[in-house]
Amino acid sequence: MTEILLGTHTIKSHGVKVVKAHIHNWLILVILVVIDGLLNYVEPFHRFVGQEMMTDLKFPFHENTVPVLVVPVIAVLVPFIIFGVYYYLRKDIYDFHHAILGILYSILLSGVITDSIKDAVGRPRPNFFFRCFPDGKAVFDQVSGDVVCHGDAKIVKEGYKSFPSGHTSWSFAGLCFLSLYLSGKLRAFNRRGNVSKLCIVIFPVLAAVLVGISRVDDYWHHWTDVFSGALIGTSMAAFCYLQFFPCPHDEDGWAPHAYFKIIAERQSSESSESIIRFPNKNESNDIETQPM
């Protein structure tokens, strides 16, 4: 569909209206925040870890290359800035609101799914040995053969949260959403052979991939944890994006569904007015032949 100018829809003029129309979505979003917060306090399942299993869990325990607080910056704050720049240029509150709401749902749904699986599976991290035995002296139960950890309780607890990778799922949820958003805005798939647009579109995905690789390099996750986290994040990004925007591959993939809904309503209204304003030919003849 050809782009039609609908005037400006700013935060000041339409912001309250848009938020009210989606108030239930925002309330559910708050509930997801609470659920995800509570999941971090749940004690994960302590999977059996025998002495013979320690060979694969004896990697060094050191700090993250990508700190926990950096993930929201690259997966949330950076996309927010890009959404804000587009809003500044277009003054389209519908696009801005739906992008914000969509990416928050993508990230929080990924977070809830990831943390739920973490707590249920209880897979040990590759550096579990030194979390459990910081002094390097392993102790195992003489009856069950399971580990008897004497490390810091919080560090040991995190040691049972390897699968899937939270860093990776968050990164892919936010940055894949951003990649889809940029694909639509740049019309990257308009079949005109402008391959250079893909360089911009692929960059957020590359950043997410590098975050995932860092988790394996730091020995905080197995590669299967990272792969699963990427799958969860990418799936949520696609599902949530398509709730508010057409597929970037579509001809109308450059604007939110709300844009085309407004156009349809306006055209319907104009059609109704034209029918009332212009009677058909038979009606015109009847009017002309009526006696004075």
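Residues in the sequence shown are numbered from 1 upward in steps of one, following full-length UniProt numbering.
Ideal placement from N, C-alpha and C gives every residue a C-beta, glycine not left out.
None of these values were measured; they are calculated from a predicted model.
Whole angstroms is fine: what's the gap from residue i's alpha carbon to residue j's?
i           : j    : result
D286        : Y94  : Any reading at D286 must be qualified, since the residue scores a pLDDT of 49, below 50, and its modelled position is unreliable; the value itself is stated next. Computed Cα separation, rounded: 47 Å.
P256        : I100 : 12 Å
P67         : V34  : 22 Å
A230        : L57  : 22 Å
G50         : G136 : 16 Å
D217        : R90  : 42 Å
S179        : T224 : 24 Å
S284        : A258 : Annotation note: pLDDT 47 at S284 (below 50); position unreliable, no value reported.
residue 357 : V78  : In this structure the chain extends from 1 to 292, so residue 357 is not present and cannot be described.
H221        : S13  : 48 Å
L38         : Q142 : 35 Å
L29         : F260 : 25 Å
C149        : R191 : 59 Å
I155        : F140 : 18 Å
Y88         : G151 : 52 Å
D36         : I263 : 38 Å
Can you tell me which of the options puts its alpha carbon nearest to the alpha carbon of residue i?
i           : options               : result
Y219        : I28, E63, K17, S13    : E63
P44         : V216, P164, T65       : P164
residue 297 : A188, I23, G233, A208 : It is not possible to answer for residue 297, since the shown part of the chain is limited to 1 through 292.
M53         : I232, H221, G145      : G145
G166        : L69, T10, R191, L178  : L69
H249        : V205, S214, S183      : S183
A153        : F140, Q142, R131      : R131
P134        : N25, P72, P60, L29    : P60
F129        : T55, F96, R192        : T55
T10         : F83, K197, A21, D92   : D92
K157        : N190, V211, S196, V42 : V42
C247        : G84, P72, F177        : F177
V18         : I263, N127, F96       : F96
Assuming residue i and residue j are in contact, meaning their beta carbons sit under 8 Å apart, how far apart are those beta carbons, in whole angstroms?
i    : j    : result
S162 : R125 : 4 Å
Y160 : R47  : 7 Å
I107 : A75  : 6 Å
S116 : I232 : With 8 Å as the limit, S116 and I232 do not qualify as a contact, their Cβ atoms being about 11 Å apart.
S214 : T65  : 4 Å
L32  : V112 : 6 Å
G212 : V195 : Not confirmed; about 25 Å, so no contact.
Drop a sphere of 10 angstroms on the beta-carbon of residue i, count the other beta-carbons inside from all chains shown, and report buried for 16 or more, exposed for fewer.
i           : result
W254        : buried
R123        : buried
L6          : Only weak support is given to the placement of L6: the predicted model assigns it a pLDDT of 48, under 50, and the value that follows is read from those uncertain coordinates. Exposed.
L27         : exposed
T234        : buried
residue 294 : This structure does not reach residue 294, given that the chain is present from 1 up to 292, and the question cannot be answered.
T114        : buried
K118        : buried
N40         : exposed
P291        : Low local confidence applies: a pLDDT of 44 at P291 is under 50, so the model's placement there is unreliable, with the coordinate-based value given in what follows. Exposed, by the Cβ-count rule.
V147        : buried
V16         : exposed
V71         : buried
Of all Cβ atoms in chain D, is any one closer than 8 Å to the Cβ of residue i?
i   : result
H24 : Absent from the structure: chain D. Only one protein chain is present.
Are the CB atoms of residue j and residue i within a distance shorter than 8 Å?
i    : j    : result
G174 : I103 : yes
F172 : A238 : no
F203 : H98  : no
C240 : Y86  : no
V201 : L186 : yes
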